[in-house]
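In what follows, a single structure is set out as structure tokens and then discussed.
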Amino acid sequence: MREACGLGEAQLVRWGPALGVRFWAMGCQMSAWLASPIDKEGEEGLQAVVDFMREVEARLSRFLPESELSRLNAHGRISASPLLWAVLRQAIRAARATGGLFDPTVLSALEAAGYDRPFALLQPDDAAPRRTLPICWRCVRLHPSRREVKLSHGVRVDLGGIAKGWAADRAARFLSRWGPCLVDAGGDIAVRGAPPGWLGWPVGIADPWREDRDMAVLCLKRGGVATSGVDYRRWRRQGRDFHHIIHPRTGTPAQTDLLSVTVWAPSTMWADVMAKVALILGGRRGWRWLHARRLPALMVWRDGRARLTPEMFPLLWREGWL
């Protein structure tokens, strides 16, 4: 049984062994949870997470003209705040580690495909796809001594997915001072510790074919889990389906036989990156990519097949794990 009360614009909610706060930020529903018992300081910590997530959105949203990221994309150069600097460094690190299969400079390609406004405002239209500008993570130059960022001509950055994962990790690390916690940033989930008497937090992986059920439930007490998919953020133009996962080497929505990929990793940010790369690579190559890195994952194909990597089985929730 759940009970809720107001907490500013957020909602304080009790669930089983935890007290949480639900709120809207970065274009999605978010929540943060602390295992009971919670004192007044813990409640203030939950509110601090709400404020932090909204600061991340205010600085890094591509949909806010006044955001720091929008100013960087408009002018090609900025003296970055610590927050923007930290996320950009991680994004470039991820691009380098994946050989450019993850690339934060896909913004122009996203807009060319039609994702040029918040997803809730997208409408089908007949406009022809526009020519994209360069996708080139190597064209983002970071100058640490003065924390300055420069973009080559035409290069523009989107930090949506990686920023959510990074923020979830940061928020969970902050909340862990009050005990076991879980942060859900729109499906990018970070966990620290297990609620008292439990082996871990139950984390459901939504069934992309049926919204009313989970395909699997994980038992997590550390790390993070993220899902990348082409089943939700999709739209039609000129009778064709488009989605938001851009293949950096083509500049267009990835042609993949996968519907979704869910990955566990030591950090939520890396889980998000790895899931996206596997989705772009497709079923066969994506499986090899994840298996070579021994990452727990659940892959769902467009034809309805689903497959777990061997490393995922130990994380599955089992009856009696309370």
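Residue numbers for the sequence shown follow the working numbering, beginning at 367 and rising by one. Note that CB positions come from ideal geometry on N, CA and C, so glycine has one too.
Under the three-pair Cβ rule at 8 Å, the segment 463-480 counts as touching the segment 501-508.
When Trp575, Leu435, Arg388, Trp630 are compared, the shortest CA-CA separation from Arg659 is found for Trp630.
In this structure the segment 432-440 does not lie against the segment 538-546, because fewer than three pairs of beta carbons, one per stretch, are closer than 8 Å. Uninterrupted beta strand (DSSP E) stretches at least 3 residues long and entirely within the segment 627-652 do not occur. Judged by DSSP in its simplified three-state form, Ala376 adopts strand.
By the criterion of a C-beta distance shorter than 7 Å, Asp524 is surrounded in its chain by Arg428, Pro470, Val472, Leu473, Leu476, once the five residues flanking it on both sides are discounted. Per the DSSP secondary-structure output, Cys394 pairs in a beta bridge with Ala391. When secondary structure is reduced to three states using DSSP, Ser436 falls in the helix class.
Just so you know, the alpha carbons of Glu410 and Ala478 end up roughly 42 Å apart. A Cβ-Cβ separation of about 7 Å places Arg443 in contact with Val515 under the 8 Å criterion. With respect to the C-alpha of Ser397, the residue from Trp381, Asp597, Asp573 having the closest C-alpha is Trp381. The residue among Trp653, Ile612, Glu677 with its C-alpha nearest the C-alpha of Trp667 is Trp653. No Cβ-Cβ contact shorter than 7 Å links Gly531 with Thr675.
Between the C-alpha atoms of Pro546 and Ser402 there is a straight-line separation of about 9 Å. Assigned with DSSP and collapsed to three states, Ile501 falls in coil, not helix or strand. A direct Cα-Cα distance of roughly 11 Å separates Ser447 from Ser433. As DSSP reads the structure, Val569 sits in a beta bridge with Leu584.
Per DSSP, the continuous beta strand (DSSP E) segment holding Glu514 begins and ends at 514-517. For Ala641, same chain residues with a beta-carbon under 7 Å away, outside a window of 5 residues either side, are Ala592, Thr593, Ser594, Val627, Thr628, Val629 in chain order. When the five nearest sequence neighbours on each side are left out, the beta carbons in the same chain lying within less than 7 Å of the beta carbon of Pro574 are those of Gly595, Asp597, Leu625, Ser626, Val666, in order along the chain.
Taking 7 Å as the cut-off, the beta carbon of Ala644 is found closer than this to the beta carbon of Leu656.
Inside the segment 394-470, DSSP marks whole alpha helix (DSSP H) runs of 4 or more residues at positions 406-426, 434-441, 448-463, from first to last along the chain. Under the 10 Å beta carbon count, Pro614 is surrounded by 16 or more other beta carbons and is classified as buried.
Within the same chain, Cβ atoms closer than 7 Å to the Cβ of Gly466 are found at Trp503, Pro614, the five residues on either side in sequence being excluded.
Under the DSSP assignment, Gly559 falls outside any alpha helix (DSSP H); it carries neither an H nor an E label.
Residue environment for Asp669: exposed (fewer than 16 other C-beta atoms within 10 angstroms of its C-beta).
Residues Ala560, Cys585, Leu586, Lys587 of the same chain have their beta carbon placed closer than 6 Å to that of Gly566, with the five preceding and five following residues left out of the count.
Between the C-alpha atoms of Val379 and Thr464 there is a straight-line separation of about 39 Å.
Within the model, the alpha-carbon separation for Trp564 versus Arg507 is close to 46 Å.
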